[in-house]
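Here the structure is laid out as structure tokens; the discussion comes afterwards.
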Amino acid sequence: MRNLMLLCATAALGACNTITIPNAGGDAGVLIDGAEGGLAFNDRGRVGSNNGVVLLNAGESVALGPNRNEAIAFGALRAPARTPTPWTDNDDGFETPLASRLNLPVTVWIVQGPFGAQRDRAIDACVETSAIWDAERIGVRFSEFLIRDATNDPDITPAILDSVGGDSRNWDDFSTLIGFDAGRINIYWINTVEGMTGWGWSDFGGRIVMARDTLPDLLSHEIGHAFSLRHSVNCGAASADFDATNVMAQCSNSRQFLTEAQVFRSHFNMTSSVNALYSARPGAPTVSCIGSGLTEECPALNRRLWDDGAFPSN
Numbered sequence: 087m088r089n090l091m092l093l094c095a096t097a098a099l100g101a102c103n104t105i106t107i108p109n110a111g112g113d114a115g116v117l118i119d120g121a122e123g124g125l126a127f128n129d130r131g132r133v134g135s136n137n138g139v140v141l142l143n144a145g146e147s148v149a150l151g152p153n154r155n156e157a158i159a160f161g162a163l164r165a166p167a168r169t170p171t172p173w174t175d176n177d178d179g180f181e182t183p184l185a186s187r188l189n190l191p192v193t194v195w196i197v198q199g200p201f202g203a204q205r206d207r208a209i210d211a212c213v214e215t216s217a218i219w220d221a222e223r224i225g226v227r228f229s230e231f232l233i234r235d236a237t238n239d240p241d242i243t244p245a246i247l248d249s250v251g252g253d254s255r256n257w258d259d260f261s262t263l264i265g266f267d268a269g270r271i272n273i274y275w276i277n278t279v280e281g282m283t284g285w286g287w288s289d290f291g292g293r294i295v296m297a298r299d300t301l302p303d304l305l306s307h308e309i310g311h312a313f314s315l316r317h318s319v320n321c322g323a324a325s326a327d328f329d330a331t332n333v334m335a336q337c338s339n340s341r342q343f344l345t346e347a348q349v350f351r352s353h354f355n356m357t358s359s360v361n362a363l364y365s366a367r368p369g370a371p372t373v374s375c376i377g378s379g380l381t382e383e384c385p386a387l388n389r390r391l392w393d394d395g396a397f398p399s400n
């Protein structure tokens, strides 16, 4: 509370506007939309840390902007949340409680044996993905990681074991010949994907194929596609905003970071499996984030409230 009062006291003119995150469990932050000095702003960032209530200064003279007026809150071990902020000329304070962490079940089908070794590979991928989600404040966890032994399924075909075809691959063969648990992501551990033993592929919905030698971090990437995320950087490339440490880097064995804009898309894009498959956020508003740029609805893809390795908060 003293920190907040000091921030407000430094504002020579105008109102002291605040955002309260009442259920923080450590790091917490917001992206704020509004207007100041007659100019609209999108996604003004504020961060704090506390086990309990986090109070953040939204700005000295925040007013209604011409676009959205809202706060998007992010925090440790909780899902992000959006709250309308109808700013006035007075001192405004809005609460933006974080949402409960989402519990998402998945089913793993071990098609290429030996079963024990590939089961252990799937478990390692589960542990790595869970660790990335927790570290990056994505607010999602596996409620069930069900592993099924399909190595002796009589319907296994060469086209299933060594699947090719990119986005147009033989997805229905996996569903109808191997199995499919409705209402969740199904992951098929096979022999090769596009002729590679270390590749995976997602249909951006309920099905993922993983080759026999995939590294643990790849599962977080393929589920990222199911959450509507596209590649942040292509194989062998880097940019001013992303490198191979981003979860959605196309070719990497060092994936660990997600921007807050990627977390936002995972939760609020209408095409994300969080909404389209799991219906995990009933009643929450959805958006259609297309591309990487800043829009009225969507933060720019590189928007970070906390540092991501070599990439600082912005």
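Count the sequence shown with the numbering used here and you get residues 87 to 400, in order.
Ideal Cβ positions, reconstructed from N, Cα and C, are used throughout, including at glycine.
Proximal residues to Glu214 (C-beta, below 6 Å), its chain only, five neighbours per side dropped
On the sequence shown, residue 214 is found 128 positions in, with the first residue counted as 1. Excluding residues within five positions, the ones whose Cβ falls inside 6 Å are Pro302, Asp303.
Using 10 angstroms around the beta-carbon of Ile105, count the other beta-carbons present and answer buried if the total reaches 16, otherwise exposed.
Locating residue 105 in the sequence shown gives position 19, where the first residue counts as 1. The residue is buried, with at least 16 neighbouring Cβ atoms inside 10 Å.
Residue range of the unbroken alpha helix (DSSP H) whose run includes Thr215:
Counting from one through the sequence shown, the residue named residue 215 turns up at place 129. From DSSP, the alpha helix (DSSP H) with Thr215 extends over 201–221.
Residues in its own chain within less than 8 Å of Thr381 by CB, not counting five upstream and five downstream?
For this step, residue 381 is matched to residue 295 along the sequence shown. Only Cys375 meet the Cβ criterion.
Own chain, CB closer than 6 Å to Leu184, minus 5 neighbours either side, in chain order:
If you number the sequence shown from 1, residue 184 lands on position 98. Same-chain partners within the cutoff: Asn109, Ala159, Gly161, Arg164, Ala167.
Give the secondary structure of Trp257 by DSSP, where H, G and I count as helix, E and B as strand, and everything else as coil.
Counting from one through the sequence shown, the residue named residue 257 turns up at place 171. It is helical.
Looking only at its own chain, which residues have a Cβ that is under 8 Å from the Cβ of Thr331, when we skip the five neighbours before and after it?
As a working note, residue 331 is residue 245 in the sequence shown. Answer for Thr331: Ser338, Ser340, Arg341, Gln342, Phe343, Asp394, Gly395, Ala396, listed in chain order.
Tell me the DSSP bridge mates of Pro371?
Taking the sequence shown and counting its residues from 1, one reaches residue 371 at position 285. Beta bridge pairing from DSSP links Pro371 with no other residue.
Determine, using beta carbons only, whether Ile276 and Val197 come nearer to each other than 7 Å.
To locate residue 276, count along the sequence shown from 1; it is residue 190. To locate residue 197, count along the sequence shown from 1; it is residue 111. Contact: yes.
Using DSSP bridges, identify the partner residues of Arg227.
Against the sequence shown, residue 227 aligns to sequence position 141. For Arg227, which the question treats as bridged, DSSP gives the partners Asn189.
With distances taken from CA atoms, which of Ala121, Leu141, Ile218 is nearest Glu156?
Counted from its first residue, the sequence shown places residue 156 at position 70. For Glu156, the nearest C-alpha among the options comes from Ala121.
Report the residue from Asp299, Thr357, Asp178 whose alpha carbon sits nearest the alpha carbon of Leu150.
Residue mapping note: residue 150 aligns to position 64 of the sequence shown, counting from 1. The closest CA to that of Leu150, considering only Asp299, Thr357, Asp178, is found on Asp178.
Could you check what DSSP says for Trp392 in three-state terms: helix, strand or coil?
Residue numbering aside, residue 392 sits at position 306 when the sequence shown is read from its first letter. If DSSP states are grouped into helix, strand and coil, Trp392 belongs with coil.
Report the three-state DSSP secondary structure of Gly100 (helix, strand or coil).
Within the sequence shown, the letter at position 14 stands for residue 100. No answer about Gly100 holds up, because its pLDDT of 45 lies below 50 and its placement is not dependable.
Using 8 Å as the Cβ pair cut-off and three pairs as the minimum, do the stretch 289–309 and the stretch 246–257 touch?
yes
What does the alpha-carbon distance come out to for the pair Glu383 and Ala236?
As a first step, residue 383 is located in the sequence shown; it is residue number 297 there, counting from the start. As a first step, residue 236 is located in the sequence shown; it is residue number 150 there, counting from the start. Rounded to the nearest angstrom, the two C-alpha atoms are 43 Å apart.
Would you decide whether Pro398 is buried or exposed? Buried here means 16 or more other CB atoms lie within 10 Å of its CB.
Along the sequence shown, one-based indexing puts residue 398 at 312. Exposed, by the Cβ-count rule.
I need the straight-line Cα distance from Asp175 to Cys102, nearest angstrom please.
Position 89 of the sequence shown holds residue 175. Position 16 of the sequence shown holds residue 102. The straight-line gap from Cα to Cα measures roughly 10 Å.
Less than 8 Å between the CB atoms is what I'm expecting for Leu423 and Arg351, so what's the real figure, rounded?
Outside the displayed span of the chain (87 to 400) sits residue 423, for which this structure offers no information.
For the putative contact between Ala268 and Ser288, defined by C-beta atoms under 8 Å, what is the C-beta separation to the nearest angstrom?
Mapped onto the sequence shown, residue 268 falls at position 182. Mapped onto the sequence shown, residue 288 falls at position 202. Your pair Ala268 and Ser288 does not check out as a contact, with CB atoms roughly 17 Å apart and the cut at 8 Å.
For Asp129: DSSP bridge partner residues
Here residue 129 refers to the residue found at position 43 when the sequence shown is read from its first residue. Its beta-bridge partners do not exist; DSSP assigns none.
Collapsed DSSP secondary structure at Phe397 in the structure displayed:
Your numbering for residue 397 matches position 311 in the sequence shown. Here Phe397 sits in strand by DSSP.
So the candidates are Met334, Gly322, Arg187, Arg367; which of them puts its Cα closest to the Cα of Ser229?
Residue 229 sits at position 143 when you count from the first residue of the sequence shown. Nearest option by C-alpha distance: Arg187.
Exposure label - Pro385; buried when at least 16 CB within 10 Å:
Taking the first residue of the sequence shown as 1, we reach residue 385 at position 299. By the 10 Å Cβ count, Pro385 comes out buried.
Per-residue DSSP class, three states only, for Glu383:
To locate residue 383, count along the sequence shown from 1; it is residue 297. DSSP places Glu383 outside both helix and strand once states are collapsed to three, so it counts as coil.
Does the distance from the C-beta atom of Arg234 to that of Trp173 stay below 7 Å?
On the sequence shown, residue 234 is found 148 positions in, with the first residue counted as 1. On the sequence shown, residue 173 is found 87 positions in, with the first residue counted as 1. No. Outside cutoff.
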